[in-house]
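Asker:
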Amino acid sequence: MGTLLRGGSVVSGQGVCRGDVLLEGEKIAAVGENLPVGDANVVDCTGKLLFPGFIDGHTHFDLEVAGTITADDFATGSRAALRGGTTMVVDFAAPDKGETLAAGLERWRRKSEGKTACDYGFHMTIDDWNEGISRELGEMMDQGITSFKMYMTYPAMMIGEGDMYRALLRLKEVGGIAGVHCENDGVIRALVEDARAGGRMAPASHPRTRPAPLEAEAVGHLLRMAQLADVPVIIVHLSARESLEEVRAARRRGQRVYVETCPHYLLLEDSAYDNPDYLEAARFVCAPPLRKRADQEALWEALRGGEIDTVATDHCSFTLAQKRAGQYDFTRIPGGLPGVEHRGVLLYTYGVAAGRVTAADMCRVLSENPARLYGCWPRKGLIAPGSDGDIVVLDPASEGTISVDNHVQNVDYTPYEGWRTKCSIVQVYLRGNLAADRGQVLNPRGRFIPRGRCCL
Ligand code: MN
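Heads up, the sequence shown is in my numbering, so the first residue is 30 and it goes up one at a time.
1) Give me whichever residues DSSP pairs with F90 in a beta bridge.
2) Would you say D343 touches ligand 1, meaning its beta carbon is less than 7 Å from a heavy atom?
3) Does the beta carbon of H293 fall short of 7 Å from some heavy atom of ligand 3?
4) Taking the beta strand (DSSP E) that H210 falls in, what are its first and last residues?
5) Span of the alpha helix (DSSP H) holding R361?
6) Judging by CA-CA distance, which residue of T238, R393, T154, V422 is the nearest neighbour of H89?
7) Return the CA-CA distance between M254 and M30, expressed in angstroms with no decimal places.
8) Hey, out of H436, W329, T360, whose CA is closest to T387's CA?
9) Please determine whether the Cβ atom of H87 lies at a distance below 7 Å from any heavy atom of ligand 1.
10) Among all the DSSP beta bridges, which residues are the ones paired with T430?
11) Classify R282: buried if its beta carbon has 16 or more other beta carbons within 10 angstroms, exposed otherwise.
12) When you compare each of G82, E326, L64, I98 to A110 by their alpha carbons, which one comes out closest?
13) Give every residue of the same chain whose Cβ lies closer than 8 Å to the Cβ of E212, excluding the five residues on either side of it in the sequence, and list them in chain order.
14) With Q356 and Y302 assumed to form a contact (beta carbons below 8 Å), what rounded beta-carbon distance in angstroms separates them?
15) Tell me whether the stretch 431-445 and the stretch 55-74 touch, counting them as touching only if at least three CB pairs, one residue from each stretch, are closer than 8 Å.
16) Mapping the DSSP letters down to three states, classify I454 as helix, strand or coil.
17) Examine the Cβ distances between the stretch 449-464 and the stretch 415-427 and report whether three or more of them are shorter than 8 Å.
18) Classify T75 as buried or exposed, calling it buried when 16 or more other Cβ atoms lie within 10 Å of its own Cβ.
19) Which one or two residues does DSSP pair with S176 in a beta bridge?
20) Just curious, the beta strand (DSSP E) that V488 is in, first and last residue?
21) Give the secondary structure of A383 by DSSP, where H, G and I count as helix, E and B as strand, and everything else as coil.
22) On the DSSP letters alone, give me the boundaries of the beta strand (DSSP E) that R35 sits inside.
23) With a threshold of 16 other CB atoms inside 10 Å of the CB of A350, please say whether the residue is buried or exposed.
24) How close, in whole Å, do the beta carbons of G37 and L79 come, if the pair is a contact with beta carbons under 8 Å?
25) If you draw a straight line from the alpha carbon of V71 to that of A132, how long is it in whole angstroms?
26) Just to check my reading of the structure: G475 and C147 have Cβ atoms closer than 8 Å, yes? What is that Cβ distance to the nearest angstrom?
27) According to DSSP, is R320 part of a helix, a strand, or is it coil?
28) If you follow the alpha helix (DSSP H) that N398 is in, where does it begin and where does it stop?
29) Considering only the beta carbon of each residue, do R195 and W158 sit closer than 8 Å?
30) Determine the extent of the beta strand (DSSP E) in which G48 is found, giving its start and end residues.
31) R482 and G410: beta carbons closer than 8 Å?
32) Kindly list the residues whose CB is nearer than 7 Å to the CB of F103, restricted to its own chain and excluding five residues on each side of it in sequence; keep chain order.
33) Indicate the three-state DSSP secondary structure (helix, strand or coil) for F1 in the structure shown.
34) Is V440 near D171, with beta carbons less than 8 Å apart?
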C-alpha cells in the first residue's frame with residue numbers, strides 16, 4: 030500500500046505546479062493531477078508546498094575540533110536535519126595526517142552506521158599528499174565518495190599549493206571534484222599575532238583577523254590554480270561580496286566554478302562579535318566569520334541570479350560551555366554554528382516569503398543543485414517517478430518561532446533565537462516512509478548513499 034500526497038503544489042527548480050504524488054515502497058511511483066487513489070493511504074496536502082527532500086552538502090557531526098567534540102553526533106544531527114526537511118546530508122570524513130583515506134573513511138563509517146536517521150554520504154578530506162593518497166582517490170570514487178575537501182587555512186589541514194595543484198590534477202583523472210575552504214592563512218596568522226601583541230583577545234578580534242579580502246584573495250588564488258589544472262571546483266561557505274567578484278572573473282574566463290553559501294552568511298552580521306558579553310559574542314564564532322549587511326545583500330542578489338549554486342549549513346555545533354574555552358583568547362573558541370534543523374524554514378521565511386527568491390530558486394539551492402553537484406541526481410533532488418520518495422510537506426500558512434526551547438539539535442543555543450518563521454514543516458518522508466510528523470521525528474533508518482560524478 031502506497032501513500033498518496035493529494036492536492037498540494039509540487040515544487041521543482043522550474044516552478045510550482047499543482048499535483049498529487051504517489052509514494053510506493055521507497056520510490057515515487059507517480060506525479061500528476063487527480064491520481065487515482067487505489068488502495069493508497071491518502072494525505073491531504075491542500076495548501077501545502079511539496080519540495081524534494083532537502084540535501085545539506087556541508088555538515089560536521091561527531092567531529093573533534095580543538096580538543097573537543099561537536100555537540101551533535103550522527104544520531105542527534107540527523108534527527109534535527111530531518112525535522113527541518115533535510116533528508117540527506119553529506120558530512121566530511123577526515124583522516125588524520127599520516128593516515129590513509131581508508132582509515133578516515135572507516136572511522137566515519139563507525140561514527141555513522143546504525144545511528145543516522147537521514148540518508149547520508151561523505152566528502153573525503155585531503156589533508157596530506159603522497160603516492161598512496163593519490164592512488165586512494167580512485168578507490169574512494171569506486172566506493173561512492175566522489176567529492177573531496179581541501180583547506181587553504183588551518184595548518185593541520187593544509188597541504189600547500191604545489192600538492193593542492195597535484196591533487197586537482199589527480200581528481201581530474203579520476204572524475205572527482207574538490208570543495209575548498211578559501212582564506213589566506215599567512216596573513217590571518219599575522220593579524221592574530223598583532224591582536225595578541227595588542228592584548229585584543231576578545232571575540233571582537235575574530236572577524237578583524239579574518240577580513241573579507243583574505244577570503245577573496247584565496248578564492249582568486251584557488252581559481253587561478255584550477256584554471257591551470259583545467260578543473261571545476263567548489264567554493265564552500267563563500268561569505269563575502271569580494272569573493273563573488275573573483276568567481277565572476279573566473280566564470281568570464283570560461284571556468285566552471287560552483288558556489289556554496291550558508292544561511293548565517295545570508296542572515297547574520299559581524300556586529301554580533303562586538304557584544305561585550307563574552308558568550309553572546311563567542312556563540313557566533315565560525316570561519317569564515319559573519320560579514321556585513323552589504324555582503325548579505327550581495328549574496329541574496331547572487332542567489333536570485335543563479336550565481337550561487339547551493340545553500341548548506343556547515344552545521345558544526347558546540348555548547349556554550351564548549352564555547353567558553355576562548356574566554357581569554359578568541360583563537361581557542363571552537364568554531365562553528367548549529368543550523369542543520371533550520372535551513373529550510375529560514376530560506377523560506379527570509380527568502381521566499383520576503384520576496385527575495387522564489388520557491389523554485391529555493392528548490393534549486395536546497396535540493397536540485399546539491400543532488401547534481403554531489404552526484405546523486407536523479408535519485409535525489411526532484412519529485413519524479415523513479416526518484417527516492419524524499420518529500421518535504423511545507424505549510425506556508427503557518428507561523429512559528431525558532432528557539433532553543435523547541436529545537437532538537439543537541440546544543441543549548443541557536444543563533445536564530447526568537448526569529449519568527451512564516452512556514453512550518455508539517456511532514457517529511459524519507460524513501461517513501463513518514464520520517465517526521467509535525468515536529469516529531471519518528472525512527473527512520475538512514476542509509477549511506479554511494480554517489481556518482483558531479484553533473485551540475
Ligand atoms: Mn565546514
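Quick reminder that beta carbons are idealized off the backbone N, C-alpha and C, glycines included.
Answerer: According to the structure shown:
1) Looking at the DSSP assignment, F90 forms no beta bridge with any residue, so it has no partner.
2) yes
3) As for ligand 3, it is missing from this structure, which binds only ligand 1.
4) Residues 206-210.
5) Counting along the chain, R361 falls outside any alpha helix (DSSP H), and DSSP gives it neither H nor E.
6) The shortest Cα separation from H89 among T238, R393, T154, V422 belongs to T154.
7) 54 Å
8) W329
9) yes
10) R449
11) exposed
12) Of the residues G82, E326, L64, I98, the one whose Cα lies closest to the Cα of A110 is G82.
13) Closer than 8 Å at the Cβ level, and outside the excluded window around E212, lie M181, T182, R239, L243, E244, A247, A316, P317.
14) Contact flag wrong, Cβ pair sits at about 14 Å.
15) no
16) strand
17) Touching, yes.
18) exposed
19) For S176, which the question treats as bridged, DSSP gives the partners I206.
20) As shown, the chain starts at 30 and ends at 485. That puts residue 488 outside it, with no answer to give.
21) Looking at A383 - three-state DSSP - the assignment turns out to be coil, as it is neither helix nor strand.
22) 32-40
23) exposed
24) 5 Å
25) If you draw a straight line from the Cα of V71 to the Cα of A132, it comes to about 46 Å.
26) 5 Å
27) strand
28) Run containing N398: 398-402, per the alpha helix (DSSP H) assignment.
29) Taking 8 Å as the Cβ cut-off, R195 and W158 qualify as a contacting pair.
30) Per DSSP, G48 belongs to the beta strand (DSSP E) from 45-53.
31) Not a contact, by the Cβ cut-off of 8 Å.
32) Answer for F103: F90, D91, K140, S141, K144, T145, listed in chain order.
33) The structure shown does not extend to residue 1, since the chain is modelled only from 30 through 485, so no value can be given for it.
34) no
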